[in-house]
Amino acid sequence: MKENGIKLQNIVKKFDDITAVDDLSFEVEAGELFGLLGPNGAGKTTTIKILTGLLKPTSGEAKVGGYDLKKSIGKIKEMIGVCPQEPAFYPYLTGRENVELFGNLHGMSKTKIKERAEELLAKVGLVEGATRKAGKYSGGMVRRISLVMALINDPDIAFLDEPTVAMDVQSRRATWDFIRDLKTQGKTVVLTTHYIEEAEMLCDRVGIIDRGKLIALNTPKALMAEYDAKDLEDVFIKITGRKIRE
Amino acid sequence: MNLQRIYSLMKKDLKKLVRVPATLFLALIFPLILTGAFGFAFGSLGGAGGEVAYTIGIVDLDETIWAEYFIGNLTESEVLETKSYDTSVEAEDDLSQGIIDAFLVIPENFSNSFNSYNLNPTNASTWVNSTVELTVDQGSMIVSAAIPPLVQQILAETLYGKQSMIVAQPVQIGTPEGIEADHFTQFDLMAPGMFAFAAIFLTMIVAEGFVEERTEGLLRRIQVTPTSPTDVILSSVTANMITAVLQVAIIFIMANLMGFNPLTDLSGYIFAFVIVLLLALCNIGFGLITASIAKTPGAATGISFMFILPQMFLGTFVPVPDAVGQLVPAYYVTDALTSIFLRGAAITSEKVLLDLVIMIGFCVVIILAGITVFAKFGREK
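Residue numbers (our numbering), protein chains in the order written: chain A, 357 to 602; chain B, 13 to 393.
Now the structure itself:
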């Protein structure tokens with residue numbers, strides 16, 4: 357595995373009797389935009405939580421950016437950016453203050469935080485809104501500021517957990533451009549989504565996950581060809597007999 | 013531990029203090045209103061705490077010049093009004109009806125005690141001992157707390173004279189060292205407890221803050237950065253210590269505006285900040301324990317009262333038996349500040365230092381317990 361890639365080997369995560377992640381193994385190449393596609397409750401977010409150190413796996417091993425998850429979580433945290441499914445932010449801080457706070461938590465210099473914040477806020481169209489308290493933001497603005505907070509440290513590896521949920525079409529398109537931009541910068545991106553179109557348009561490869569298990573893994577085109585399907589939804593139906601968004 | 017992270021998180025907490033009205037009210041405006049309201053109601057600026065506060069009945073069985081002198085001193089105190097009775101039964105009857113707040117019985121051998129002391133002040137074995145019986149209205153916590161020390165004070169002045177109170181005495185009557193013959197209003201007696209009163213609400217502020225951050229996913233979000241749990245807890249401790257300093261300053265300023273004039277110098281003021289900061293640390297520890305138990309901010313508010321109420325009733329300005337009060341840390345803060353502010357005790361006096369040492373002990377145990385419990389159970393629910 358090249359540096360900045362991700363490797364999971366036989367990862368299992370159990371919550372009492374429930375197996376949320378069941379013997380998951382796959383690799384993400386450095387610079388790859390990798391999609392984890394699956395219905396709600398498939399185990400996508402649990403996988404992200406394991407890879408970012410928020411949950412300990414019941415068994416199995418993983419490496420992120422060449423570092424062992426169990427031994428070097430501190431090193432991993434220095435090189436990742438995580439955009440959570442539920443956008444967490446401080447409502448009494450302005451958008452810019454939220455972004456700067458997370459820059460400081462990543463140990464960035466004042467100058468670097470300012471430069472990077474300007475750049476990212478401009479990209480997501482939040483330069484003017486950044487001086488307002490985040491508690492007054494619309495749903496779309498909250499999503500966008502959450503994305504900027506996640507990427508302020510210019511991470512080598514970005515974990516984006518359903519970043520476009522509840523976004524209007526315009527905001528979603530802008531976020532897609534933003535994510536494509538990360539790829540052109542050579543960043544490794546793991547994107548979880550249950551939007552078929554999003555996975556097809558953005559991802560180099562897609563891992564389809566259902567009930568904690570990886571049921572398919574390839575490029576979107578190859579998957580559709582393999583299952584003689586018109587889209588990834590069709591691929592999922594052909595494998596499981598169910599729709600992704602049932 | 014990383015100073016940049018601690019500073020930025022602390023700054024965030026202080027911004028919350030200023031920008032979130034509920035936090036601002038609880039932390040800073042509430043102590044301001046409380047001190048102002050109590051000062052106005054019970055202090056020298058208000059009506060109730062003015063020149064004459066209590067009526068005390070006198071049953072004089074001695075009827076000598078010494079007894080008259082003592083009664084004269086009681087009246088001159090301007091805090092007490094006196095009313096004469098022939099028998100203690102009559103006085104007790106008026107006390108039970110609320111006509112008087114207390115009564116005292118001057119015994120027949122009262123003047124003998126004074127004369128024997130004056131004949132030979134250095135030889136206690138020659139003195140004739142006597143006891144002035146004092147009965148107070150137990151239905152009023154303020155009266156039962158305020159009158160005994162006042163009467164004791166005036167009795168000492170009658171025996172030794174006012175000047176003798178500030179020099180070493182061969183005879184001790186059980187009053188704290190260095191008392192001056194100032195007249196305390198009810199507010200003066202309550203003021204030391206107010207410093208503790210404000211700080212104990214930090215339990216709620218800390219608990220609600222952490223539970224909110226946890227339920228909103230902010231603690232988890234911070235957890236995926238290189239920030240350590242130590243950085244998070246230290247930033248909260250620092251921000252709340254700054255809040256406690258502001259609380260003490262607000263109460264000092266407001267209490268002084270309301271006529272409170274502590275019998276201390278700069279060292280006493282500095283000591284007040286130090287001991288209240290120790291109490292603040294204790295309550296940050298209680299807040300962390302509360303945050304570890306509570307699943308929602310509402311539950312945190314409710315559970316925090318388990319720590320706030322005992323401290324409020326046992327350790328501030330509500331008079332309770334010492335044995336009960338000694339169970340809570342706030343008691344030692346109020347006790348030390350009462351000694352310093354009302355009795356003029358030095359910060360190096362044995363009693364004050366003992367209170368400080370006990371507070372340090374409480375502080376270490378509670379904050380360590382809070383950090384341990386929160387690190388284990390509080391970060392995820």
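Positions of the beta carbon are idealized from the N, C-alpha and C atoms, including for glycine.
With respect to the C-alpha of I77 of chain B, the residue from B:F37, B:E120, B:T313 and B:G48 having the closest C-alpha is B:E120.
Neighbourhood of K433 of chain A in chain B, by CB distance below 9 Å: Q235, V236, T237, P238 and T239, in chain order.
CA-to-CA, the gap between A522 of chain A and G496 of chain A works out to about 7 Å.
Within the region 85-115 of chain B, the complete alpha helix (DSSP H) runs of at least 4 residues fall at 100-108. Using beta-carbon distances, K307 of chain B does not count as an interface residue toward chain A, since no partner is under 8 Å.
Contact annotation for P440 of chain A against chain B: G229, R232, R233 and V236 [CB-CB distance below 9 Å, chain order]. Of all residues in the region 381-410 of chain A, the ones placed with a Cβ closer than 7 Å to any Cβ belonging to chain B are T408, G409 and L410, in chain order.
Secondary structure of R598 of chain A (DSSP, three-state): coil. Three or more Cβ pairs closer than 8 Å define a contact, and the region 99-109 of chain B meets that threshold against the region 69-76 of chain B. Taking 8 Å as the cut-off, the beta carbon of V140 of chain B is found closer than this to the beta carbon of S128 of chain B. Under a 10 Å Cβ-count criterion, I352 of chain B is classified as buried, with 16 or more other Cβ atoms of the shown protein chains found around its own Cβ.
Following the DSSP letters along the chain, one finds N295 of chain B inside the alpha helix (DSSP H) bounded by residues L278 to I305. V32 of chain B has a beta carbon lying within less than 8 Å of a beta carbon in chain A. For E434 of chain A, the enclosing alpha helix (DSSP H) begins and ends at I429 to M435.
By the CB criterion at 8 Å, G299 of chain B and V385 of chain B fall outside the cutoff. A490 of chain A does not reach chain B, its nearest Cβ partner there being about 11 Å away, counting only Cβ pairs nearer than 9 Å. In the structure shown, D367 of chain B adopts helical secondary structure according to DSSP, grouped into three states. Here R17 of chain B is not near Y448 of chain A, since their CB atoms are 8 Å or more apart.
Close to chain A, meaning a Cβ-Cβ distance shorter than 7 Å, are the following residues of the region 17-50 of chain B: R17, S20, K24, K27, K28, R31 and V32.
Residues of chain B with a Cβ closer than 8 Å to the Cβ of Y493 of chain A do not exist, since the nearest Cβ in that chain sits about 14 Å away.
L457 of chain A has a beta carbon lying within less than 8 Å of a beta carbon in chain B. For G463 of chain A, the secondary structure class from DSSP, reduced to helix, strand or coil, is coil.
In the structure shown, the three-state DSSP call for Q338 of chain B is coil. Burial is judged here by how many other beta carbons sit within 10 angstroms of a residue's own beta carbon; D424 of chain A has fewer than 16 and is exposed. If you look at E145 of chain B, you'll find it isn't in any alpha helix (DSSP H); it sits in the beta strand (DSSP E) that goes E145 to V148.
Distance from the Cα of V155 of chain B is smallest, within the candidate group B:I287, B:G173, B:G110 and B:T350, for B:G110.
DSSP places C439 of chain A within a strand segment (E or B) once states are collapsed to three. G391 of chain A has A:L547 and A:V562 as its beta-bridge partners, per DSSP.
Its Cα nearest to that of G422 of chain A, the residue A:I362 stands out among A:K492, A:T549, A:I362 and A:R561.
K400 of chain A and Y583 of chain A have their C-alpha atoms spaced approximately 22 Å apart. Within the region 248-259 of chain B, not one residue has a Cβ closer than 8 Å to any Cβ of chain A. Contact with chain B is absent for G481 of chain A, since none of that chain's Cβ atoms lies less than 8 Å from the residue's Cβ. Residue pairing from DSSP places D517 of chain A in a beta bridge opposite A:T548. Contact between D512 of chain A and T548 of chain A fails: their C-beta atoms lie close to 19 Å from each other, not under 8 Å. The three-state secondary structure of N574 of chain A, taken from DSSP, is strand. Per the C-alpha coordinates, the member of B:L278, B:L92 and B:N132 positioned closest to F115 of chain B is B:L92.
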